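Novice:
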Amino acid sequence: MMKKGQMIYGCGLLTDHDIYLFKEGNHFRLYEKFGAHVMDIDGVKGTHFAVWAPNAQRVSVIGDFNGWDRNANPLHARWDSSGIWEGFIVGIGAGELYKYFITSNHNSYQVDKRDPFAFSTEVPPKTGSSVAQLNYSWQDQDWMKKRARLNSLESPISIYEVHLGSWRRKVEENRFLTYRELAKELVEYVKFMGFTHVELMPVMEHPFYGSWGYQTTGYFAPTHRYGSP
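Final position of the sequence shown in my numbering is 1654; the numbers increase by one with none missing.
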């Protein structure tokens, strides 16, 4: 019987072809391989972790699930000199907070790092990454069929650039609008004003709100200030 937190190695998402493309610099879907991915391996549920740390002598996953114990869940370096560390942790699922604890080859420097490929993070000033499943079922088939025509160079374009956090707020509740609230209110406003397109200022995670998203720390994690991925 597998226990929560137990490590399994050699069952990674990365294939030999992935490694070939990665070393070549031509792997354009690394977010499907790196980071934290909830999986089922031979009936065992858990999360696979993978991170590129070529100058590390040791990498482990720390989080609430192991009491942030730096020795509990070490990752293994791949044999192919790619610099990738990976491992599968049993029983870990969506919502679990985690970071990577890294010991460097340079003077054995040690540091806790957020996951650069995380799909979700804590709200700043907290800095943890969060396991997330991107299993949303899109219902935009009708829009996709006509999108090319509406983005044609022969069609009129008027772009509304907007920063989601400062465009409108729920003042009485002292909070930002959520992504779902923005989807309704922003669209209504833009259509009323006669704009055809919306350009969002960065929505990727960033620690300093005053940067308006331009000091990005997580390119694959939409900021949690306005809701979940």
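Think of the CB as a built atom: it goes at the ideal place given N, C-alpha and C, for glycine as much as any other residue.
Here the structure is a predicted model, which means the values were calculated and not measured.
#1: Is the separation between the beta-carbon of leucine 1500 and that of glycine 1512 shorter than 8 Å?
#2: Throw me the rounded Cβ distance for the leucine 1611 and tryptophan 1592 pair, which I believe falls under 8 Å.
#3: Can you find the residues in the same chain that come closer than 8 Å, C-beta to C-beta, to glycine 1638, ignoring five residues on each side of it along the sequence?
#4: If you check the beta carbons only, do glycine 1460 and aspartate 1540 fall under 8 Å apart?
#5: List the DSSP bridge partners of threonine 1472.
#6: I'd like the span of the alpha helix (DSSP H) that includes glutamine 1566, first residue to last.
#7: Would you kindly check if the distance between the Cβ of valine 1615 and the Cβ of tyrosine 1585 is under 8 Å?
#8: Out of curiosity, what's the CA-to-CA distance linking alanine 1481 and isoleucine 1487?
#9: Could you compute how far the alpha carbon of isoleucine 1582 sits from the alpha carbon of arginine 1495?
#10: Would you kindly work out how many angstroms separate the C-alpha atoms of isoleucine 1444 and glycine 1635, rounded to a whole number?
Specialist: Here's the rundown:
#1: Against a cut-off of 8 Å, the Cβ pair of glycine 1512 and leucine 1500 comes out as a contact.
#2: Contact annotation, leucine 1611 with tryptophan 1592: C-beta distance approximately 7 Å; criterion of less than 8 Å satisfied.
#3: So the list reads His1588, Met1626, Pro1627, Val1628, Met1629, His1631, Thr1648, once near-sequence residues are dropped.
#4: Yes, these two residues count as a Cβ contact at 8 Å.
#5: DSSP lists Val1463, Ile1514 as partners of threonine 1472.
#6: Segment 1566-1575, the alpha helix (DSSP H) holding glutamine 1566.
#7: Taking 8 Å as the Cβ cut-off, tyrosine 1585 and valine 1615 qualify as a contacting pair.
#8: So the alpha carbons of these two residues sit roughly 16 Å apart.
#9: A straight line joining the alpha-carbon of isoleucine 1582 with that of arginine 1495 spans about 53 Å.
#10: About 38 Å.
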